[in-house]
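Here is the structure we will look at.
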Amino acid sequence: MNTIRVLIVDDQAMIRSGIRALLQTSDTVDVVGEAADGRRAVSMARALSPDVILMDLRMPILDGVGAITELRGNPATAATGILVLTTFDTDDNVIDALKAGANGFLGKSADYEELLSAVNRVAAGGSALSAMATDSVVGHLAATAAAPTRTHDPASEDDLRKLASLTTREREVVTLVARGFSNDAIAGHLFISPMTAKTHVNRAMSKMHVSDRAQLVVAALRAGVLDDH
298 MNTIRVLIVD DQAMIRSGIR ALLQTSDTVD VVGEAADGRR AVSMARALSP
348 DVILMDLRMP ILDGVGAITE LRGNPATAAT GILVLTTFDT DDNVIDALKA
398 GANGFLGKSA DYEELLSAVN RVAAGGSALS AMATDSVVGH LAATAAAPTR
448 THDPASEDDL RKLASLTTRE REVVTLVARG FSNDAIAGHL FISPMTAKTH
498 VNRAMSKMHV SDRAQLVVAA LRAGVLDDH
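The sequence shown begins at 298 in the working numbering and counts up one residue at a time.
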(Lines of atoms letter the chains of each structure in order from A and count residues from 1; the text may use other names and numbers.)
(Lines give C-alpha, C1' and ligand atoms only; values in the text may rest on other atoms or scores of the structure.)
Protein backbone atom coordinates (compact mmCIF):
# COMPACT_ATOMS: atom_id res chain seq x y z
CA MET A 1 0.00 0.00 0.00
CA ASN A 2 1.36 3.41 -0.99
CA THR A 3 1.71 5.91 1.83
CA ILE A 4 0.06 9.33 1.63
CA ARG A 5 2.64 12.11 1.66
CA VAL A 6 1.46 15.03 3.79
CA LEU A 7 2.76 18.58 4.19
CA ILE A 8 1.57 20.40 7.33
CA VAL A 9 1.23 24.19 7.07
CA ASP A 10 0.44 26.28 10.16
CA ASP A 11 2.14 29.23 11.79
CA GLN A 12 1.78 27.67 15.25
CA ALA A 13 4.45 25.10 16.01
CA MET A 14 2.32 23.43 18.67
CA ILE A 15 -0.48 22.75 16.19
CA ARG A 16 1.96 21.39 13.62
CA SER A 17 3.51 19.10 16.23
CA GLY A 18 0.11 17.87 17.39
CA ILE A 19 -1.03 17.04 13.86
CA ARG A 20 2.27 15.34 13.07
CA ALA A 21 1.98 13.22 16.22
CA LEU A 22 -1.53 12.12 15.26
CA LEU A 23 -0.63 11.28 11.67
CA GLN A 24 2.53 9.43 12.58
CA THR A 25 0.47 6.79 14.37
CA SER A 26 -0.86 5.70 10.96
CA ASP A 27 1.06 3.32 8.72
CA THR A 28 -0.56 4.87 5.66
CA VAL A 29 0.63 8.46 6.16
CA ASP A 30 4.11 9.98 5.86
CA VAL A 31 4.57 13.57 7.03
CA VAL A 32 7.17 14.88 4.58
CA GLY A 33 7.49 18.41 5.93
CA GLU A 34 6.18 21.40 7.88
CA ALA A 35 5.86 25.07 6.95
CA ALA A 36 5.02 28.10 9.09
CA ASP A 37 3.79 30.43 6.33
CA GLY A 38 2.19 30.26 2.91
CA ARG A 39 5.29 31.29 0.97
CA ARG A 40 7.33 28.50 2.50
CA ALA A 41 4.44 26.10 1.89
CA VAL A 42 4.40 26.85 -1.83
CA SER A 43 8.16 26.33 -2.05
CA MET A 44 8.07 23.06 -0.11
CA ALA A 45 5.11 21.74 -2.08
CA ARG A 46 7.03 22.19 -5.31
CA ALA A 47 10.09 20.51 -3.87
CA LEU A 48 8.44 17.64 -1.98
CA SER A 49 5.38 16.83 -4.14
CA PRO A 50 3.05 15.92 -1.26
CA ASP A 51 -0.24 14.15 -1.95
CA VAL A 52 -2.10 16.29 0.59
CA ILE A 53 -1.37 19.69 2.12
CA LEU A 54 -2.99 20.54 5.45
CA MET A 55 -3.28 24.31 5.09
CA ASP A 56 -3.92 26.92 7.77
CA LEU A 57 -5.66 30.10 6.58
CA ARG A 58 -4.26 32.79 8.87
CA MET A 59 -0.50 32.98 8.42
CA PRO A 60 2.19 35.65 7.96
CA ILE A 61 3.99 36.53 4.71
CA LEU A 62 1.43 34.71 2.54
CA ASP A 63 -1.90 33.53 3.95
CA GLY A 64 -3.62 30.26 3.17
CA VAL A 65 -5.86 31.60 0.40
CA GLY A 66 -2.88 33.19 -1.32
CA ALA A 67 -0.90 29.97 -1.03
CA ILE A 68 -3.77 27.90 -2.44
CA THR A 69 -4.10 30.32 -5.36
CA GLU A 70 -0.40 30.00 -6.18
CA LEU A 71 -0.44 26.22 -5.83
CA ARG A 72 -3.42 25.88 -8.16
CA GLY A 73 -1.79 28.19 -10.67
CA ASN A 74 1.36 26.05 -10.99
CA PRO A 75 1.09 22.88 -13.16
CA ALA A 76 3.42 21.05 -10.78
CA THR A 77 1.07 21.52 -7.81
CA ALA A 78 -2.30 22.20 -9.46
CA ALA A 79 -3.64 18.72 -8.67
CA THR A 80 -2.30 18.47 -5.11
CA GLY A 81 -4.98 17.78 -2.52
CA ILE A 82 -5.48 20.73 -0.18
CA LEU A 83 -7.32 20.32 3.11
CA VAL A 84 -7.85 23.57 4.98
CA LEU A 85 -7.35 23.59 8.76
CA THR A 86 -9.73 26.08 10.30
CA THR A 87 -11.53 27.27 13.38
CA PHE A 88 -14.94 27.79 11.80
CA ASP A 89 -16.08 30.39 14.30
CA THR A 90 -13.23 32.82 13.61
CA ASP A 91 -12.00 32.26 10.04
CA ASP A 92 -13.90 34.59 7.73
CA ASN A 93 -12.23 33.53 4.47
CA VAL A 94 -13.45 29.96 4.09
CA ILE A 95 -15.40 30.92 0.96
CA ASP A 96 -12.29 32.45 -0.60
CA ALA A 97 -10.37 29.25 0.16
CA LEU A 98 -13.02 27.18 -1.62
CA LYS A 99 -13.01 29.55 -4.58
CA ALA A 100 -9.22 29.30 -4.73
CA GLY A 101 -9.41 25.50 -4.97
CA ALA A 102 -9.39 23.92 -1.51
CA ASN A 103 -10.67 20.34 -1.52
CA GLY A 104 -12.31 20.63 1.88
CA PHE A 105 -12.15 21.80 5.46
CA LEU A 106 -11.19 20.25 8.75
CA GLY A 107 -11.70 21.81 12.16
CA LYS A 108 -8.57 22.18 14.24
CA SER A 109 -10.38 20.35 17.03
CA ALA A 110 -10.91 17.25 14.85
CA ASP A 111 -9.98 13.92 16.40
CA TYR A 112 -7.69 11.27 14.92
CA GLU A 113 -10.41 9.41 13.00
CA GLU A 114 -11.76 12.61 11.43
CA LEU A 115 -8.27 13.77 10.47
CA LEU A 116 -7.22 10.48 8.91
CA SER A 117 -10.54 10.05 7.11
CA ALA A 118 -10.33 13.55 5.61
CA VAL A 119 -6.71 13.06 4.53
CA ASN A 120 -7.59 9.76 2.86
CA ARG A 121 -10.59 11.23 1.02
CA VAL A 122 -8.61 14.16 -0.33
CA ALA A 123 -5.65 11.94 -1.27
CA ALA A 124 -8.06 9.76 -3.27
CA GLY A 125 -9.19 12.78 -5.25
CA GLY A 126 -12.36 13.47 -3.31
CA SER A 127 -13.45 16.29 -1.07
CA ALA A 128 -13.84 16.59 2.67
CA LEU A 129 -16.67 18.94 3.50
CA SER A 130 -18.50 17.87 6.63
CA ALA A 131 -21.95 19.02 7.66
CA MET A 132 -20.30 21.37 10.16
CA ALA A 133 -18.11 22.83 7.42
CA THR A 134 -21.12 23.31 5.17
CA ASP A 135 -23.02 25.02 7.99
CA SER A 136 -20.05 27.34 8.43
CA VAL A 137 -19.96 28.20 4.73
CA VAL A 138 -23.72 28.86 4.76
CA GLY A 139 -23.33 31.05 7.84
CA HIS A 140 -20.58 33.14 6.28
CA LEU A 141 -22.61 33.69 3.12
CA ALA A 142 -25.70 34.58 5.11
CA ALA A 143 -23.70 37.13 7.10
CA THR A 144 -22.49 38.84 3.91
CA ALA A 145 -25.60 38.37 1.78
CA ALA A 146 -26.46 42.08 1.80
CA ALA A 147 -22.97 43.22 0.79
CA PRO A 148 -22.94 45.10 -2.55
CA THR A 149 -19.78 43.28 -3.62
CA ARG A 150 -21.63 39.99 -3.47
CA THR A 151 -24.68 41.30 -5.33
CA HIS A 152 -22.51 42.29 -8.28
CA ASP A 153 -20.02 39.45 -8.04
CA PRO A 154 -19.41 38.17 -11.61
CA ALA A 155 -18.69 34.70 -10.22
CA SER A 156 -22.09 34.62 -8.52
CA GLU A 157 -23.82 35.73 -11.73
CA ASP A 158 -22.00 33.01 -13.68
CA ASP A 159 -23.04 30.40 -11.10
CA LEU A 160 -26.63 31.64 -11.34
CA ARG A 161 -26.62 31.11 -15.11
CA LYS A 162 -25.25 27.60 -14.68
CA LEU A 163 -27.81 26.85 -11.98
CA ALA A 164 -30.56 27.81 -14.42
CA SER A 165 -29.41 24.98 -16.71
CA LEU A 166 -30.23 22.34 -14.08
CA THR A 167 -33.42 20.32 -14.17
CA THR A 168 -35.89 20.75 -11.32
CA ARG A 169 -34.72 17.49 -9.74
CA GLU A 170 -31.05 18.41 -10.10
CA ARG A 171 -31.69 21.72 -8.42
CA GLU A 172 -33.47 19.95 -5.56
CA VAL A 173 -30.47 17.68 -5.15
CA VAL A 174 -28.00 20.58 -5.26
CA THR A 175 -30.01 22.41 -2.61
CA LEU A 176 -29.77 19.38 -0.33
CA VAL A 177 -26.03 19.06 -1.02
CA ALA A 178 -25.64 22.70 -0.01
CA ARG A 179 -27.52 21.92 3.23
CA GLY A 180 -24.95 19.22 4.05
CA PHE A 181 -26.93 16.12 3.00
CA SER A 182 -24.98 13.00 2.00
CA ASN A 183 -26.09 10.99 -1.04
CA ASP A 184 -27.84 8.50 1.24
CA ALA A 185 -29.64 11.32 3.06
CA ILE A 186 -30.66 12.88 -0.26
CA ALA A 187 -32.03 9.52 -1.39
CA GLY A 188 -34.11 9.17 1.76
CA HIS A 189 -35.40 12.73 1.58
CA LEU A 190 -36.45 12.50 -2.08
CA PHE A 191 -37.49 8.82 -2.03
CA ILE A 192 -34.96 7.82 -4.67
CA SER A 193 -32.08 5.33 -4.63
CA PRO A 194 -28.59 6.40 -3.47
CA MET A 195 -27.28 5.59 -6.97
CA THR A 196 -29.87 7.90 -8.52
CA ALA A 197 -28.95 10.61 -6.04
CA LYS A 198 -25.28 10.19 -6.95
CA THR A 199 -26.15 10.42 -10.66
CA HIS A 200 -28.02 13.68 -10.10
CA VAL A 201 -25.10 15.09 -8.10
CA ASN A 202 -22.61 14.14 -10.83
CA ARG A 203 -24.78 15.68 -13.56
CA ALA A 204 -25.16 18.85 -11.54
CA MET A 205 -21.40 19.03 -11.02
CA SER A 206 -20.88 18.71 -14.77
CA LYS A 207 -23.39 21.44 -15.56
CA MET A 208 -21.99 23.73 -12.85
CA HIS A 209 -18.46 23.12 -14.19
CA VAL A 210 -17.03 21.93 -10.86
CA SER A 211 -14.90 18.89 -10.12
CA ASP A 212 -15.93 17.93 -6.61
CA ARG A 213 -18.66 18.21 -4.00
CA ALA A 214 -16.98 21.05 -2.09
CA GLN A 215 -16.84 23.21 -5.19
CA LEU A 216 -20.47 22.35 -5.97
CA VAL A 217 -21.48 23.61 -2.52
CA VAL A 218 -19.77 26.97 -2.88
CA ALA A 219 -21.04 27.47 -6.47
CA ALA A 220 -24.58 26.64 -5.37
CA LEU A 221 -24.42 28.94 -2.36
CA ARG A 222 -23.03 31.79 -4.46
CA ALA A 223 -25.99 31.25 -6.82
CA GLY A 224 -28.36 31.59 -3.88
CA VAL A 225 -29.94 28.13 -3.72
CA LEU A 226 -30.72 28.58 -0.03
CA ASP A 227 -32.06 32.12 -0.27
CA ASP A 228 -35.66 30.88 -0.16
CA HIS A 229 -35.07 28.05 2.35
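C-beta atoms are modelled at their ideal positions from N, C-alpha and C, and glycine is treated no differently.
Remember, predicted model here, so these are calculated numbers, not experimental data.
Helix, strand or coil at residue i [DSSP, three-state]
| i | result |
| --- | --- |
| Arg466 | helix |
| Asp348 | coil |
| Arg476 | coil |
| Ala425 | strand |
| Thr496 | helix |
| Thr366 | helix |
| Val358 | Before going on, a small fix: residue 358 reads as Ile here, not Val. Ile358: coil per DSSP, three-state reduction. |
Distance CB(residue i)-CB(residue j) smaller than 8 Å
| i | j | result |
| --- | --- | --- |
| Asp393 | Ile358 | no |
| Ala420 | Asp348 | yes |
| Ala399 | Val381 | yes |
| Leu545 | Tyr409 | Summary: the structure shown does not reach residue 545, with the chain confined to residues 298 through 526, and so no result is reported for it. |
| Thr383 | Gly370 | no |
Residue i - partner residues in DSSP beta bridges
| i | result |
| --- | --- |
| Ala332 | Val306 |
| Asp353 | Leu382 |
| Gly401 | Leu380 and Ala425 |
| Asp327 | Arg302 |
C-alpha gap between residue i and residue j, whole angstroms
| i | j | result |
| --- | --- | --- |
| Arg337 | Met356 | 11 Å |
| Ile316 | Gly363 | 22 Å |
| Ala517 | Val507 | 10 Å |
| Thr322 | Arg418 | 18 Å |
- Between the region 370-378 and the region 491-503, are three or more C-beta pairs nearer than 8 Å? no
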